[in-house]
Structures are given as structure tokens and as C-alpha cells.
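Here is the structure we will look at.
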Amino acid sequence: AQSVTQLGSHVSVSEGALVLLRCNYSSSVPPYLFWYVQYPNQGLQLLLKYTTGATLVKGINGFEAEFKKSETSFHLTKPSAHMSDAAEYFCAVSDASGNNRKLIWGLGTSLAVNP
Amino acid sequence: DAGVIQSPRHEVTEMGQEVTLRCKPISGHDYLFWYRQTMMRGLELLIYFNNNVPIDDSGMPEDRFSAKMPNASFSTLKIQPSEPRDSAVYFCASRSGHEQFFGPGTRLTVL
Numbered sequence: 013a014q015s016v017t018q019l020g021s022h023v024s025v026s027e028g029a030l031v032l033l034r035c036n037y038s039s040s041v042p043p044y045l046f047w048y049v050q051y052p053n054q055g056l057q058l059l060l061k062y063t064t065g066a067t068l069v070k071g072i073n074g075f076e077a078e079f080k081k082s083e084t085s086f087h088l089t090k091p092s093a094h095m096s097d098a099a100e101y102f103c104a105v106s107d108a109s110g111n112n113r114k115l116i117w118g119l120g121t122s123l124a125v126n127p
Numbered sequence: 476d477a478g479v480i481q482s483p484r485h486e487v488t489e490m491g492q493e494v495t496l497r498c499k500p501i502s503g504h505d506y507l508f509w510y511r512q513t514m515m516r517g518l519e520l521l522i523y524f525n526n527n528v529p530i531d532d533s534g535m536p537e538d539r540f541s542a543k544m545p546n547a548s549f550s551t552l553k554i555q556p557s558e559p560r561d562s563a564v565y566f567c568a569s570r571s572g573h574e575q576f577f578g579p580g581t582r583l584t585v586l
């Protein structure tokens, strides 16, 4: 069975500081990995995804994540936080074999950006 | 494309009433997902469809919940009778390739 753990339900950073949101997964098959962002009172939207190929993945709004198989991690980073980055961030994993179309979701990390 | 469309955006009802939530997926997407989001339980998958056929409804909390997808452009999630613990934001998402596209959600309040 697949699972996702997001370390830290709340993260607070200062504007301009590094953003690091942690995600670890477990999967018995090669995973596809995703980060979604949810702004207040909105639905989720895709930030970035890893399927195959390069393990460092770049997404929208300056975010990137690195797939580390040995660490079963897919941490999300951004070099310099902006006030507009304040949102809820969700990590998710799916089955790369294609047999299971569901996404398994983490519980989310709420990011606060302080001026 | 207008994206995934959900209606209503807000619903306030009284316990015991029937509630119907509606979703129009993005044209051409062959998977449709219904989620429920609460502070206590986070994001929960309720049911998903492939080509209008329900594939996995193991997340549907109980028999009071039902979902249908009569055609590729429309799906409903019905709660009958509704209870206060059903209060949540309900999201519909449709899928293209590996990405799920979410609607804006329906905020349901059951008094």
C-alpha cells in the first residue's frame, strides 16, 4: 500500500527566506509524485509532478522538488518566499504502473509567510 | 476551457434534508473524482469514475451518500438524509494524463 507523510502541519517563514516543505512516501512500486497548492477558498492546483526522468522537477511560482528514491522523499523548496505563497500544500503519490488511478494524499502543510 | 465547474458553491441546509452537489468535468477527461475536505480528516477520496463507470467507492462514508455519472459531462453527489457531520467542502476533480484538475468546491453546512 502507498502512503504519504508530510512533516509539519504548519510552517512559518519570513518573506525572502527559504521555503522547505517535507514529504516522505512509501510505495512498493515506482511512484509518481505530486505537489498541489490550495489557496484560501479555492480548489487544489498542481504545482509540480515527478513521473520519470530528471529527479529535480521545477514547477510554477519558483517552486521545485527533488525525488530521492534512497530517502523516499519528495521535498518542496523555494529559494525566497513571497507573501503570495501563503497557502496549504499537499503532497500526493500514485501508482506509476497505472493500475491504480487514485492519488494518495498527505494531510497537508499550511505555509505562513511573515513580512 | 472553463475548468471543472461545481454547483452550488455554498449550500446551507437543515439536518435530514437531501443535498445534491453537481459537477461538470473538463471536456475530454475520462476520470472524475469526488473528494471531501474537513479540518479534522483532511482531504478524503469518496469515489471515482472512469468513462462514467464507478471504479472505487470505498471512501463513501455510508449509505446516505450516493454518486452518479449519467454522462461524460455531468456527475452528482447526493446525501440523503444529511447530518451535521457531513458539513465540509466537497471537491470534484477530473483527470488528464497524470494530473487532476480540481473545481472550486462546494461548501456544505448542515445545521
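Here the protein sequences come in this chain order: V and C.
Per this note's numbering, numbering of the first sequence is gapless, rising by one per residue and ending at 127.
Per this note's numbering, numbering of the second sequence is gapless, rising by one per residue and ending at 586.
Built from N, CA and C at the ideal position, the CB exists for glycine as well.
Please read all numbers here as calculations on a predicted model, not as lab measurements.
Going by C-alpha to C-alpha distance, which of C:A542, C:H485 and C:P556 sits closest to C:S550?
C:S550 has its Cα closest to that of C:A542, out of C:A542, C:H485 and C:P556.
Of all Cβ atoms in chain C, is any one closer than 8 Å to the Cβ of V:V28?
With the sequence shown as reference, residue 28 of chain V is identified as Gly, and Val is not the correct amino acid for it. No - not a single Cβ of chain C is within 8 Å of the one on V:G28.
Rounded Cβ spacing between V:Y62 and V:F86 (contact assumed at less than 8 Å):
Between V:Y62 and V:F86 the beta-carbon gap is near 7 Å, inside 8 Å, which marks them as a contact.
If you measure beta-carbon to beta-carbon, which residues of the region 573-586 of chain C are closer than 9 Å to chain V?
Within the region 573-586 of chain C, the residues whose Cβ lies closer than 9 Å to some Cβ of chain V are H573, E574, Q575, F576, F577, G578, P579, G580 and R582, listed in chain order.
Find out if the Cβ-Cβ distance for the pair C:F508, C:Y523 is shorter than 8 Å.
Their beta carbons are under 8 Å apart, which means C:F508 touches C:Y523 by this criterion.
Boundaries (first-last residue) of the beta strand (DSSP E) holding V:Y48:
Note, V:Y48: beta strand (DSSP E), P43 to Q50.
Please tell me whether C:G503 has its Cβ less than 8 Å away from any Cβ of chain V.
C:G503 does not count as touching chain V.
Output the boundary residues of the beta strand (DSSP E) element that contains V:S85.
Unbroken beta strand (DSSP E) run through V:S85: S85 to K90.
For V:Q57, would you say it is in contact with chain C, using Cβ-to-Cβ distances shorter than 8 Å as the test?
Closer than 8 Å to some Cβ of chain C, the Cβ of V:Q57 qualifies, so yes.
Could you check what DSSP says for V:V116 in three-state terms: helix, strand or coil?
A small fix is needed here, since residue 116 of chain V is Ile in this sequence, not Val. In this structure, V:I116 counts as strand in the three-state DSSP scheme.
Would you identify the three-state DSSP class for C:P556, choosing helix, strand or coil?
Reduced to three states, the DSSP call for C:P556 is coil.
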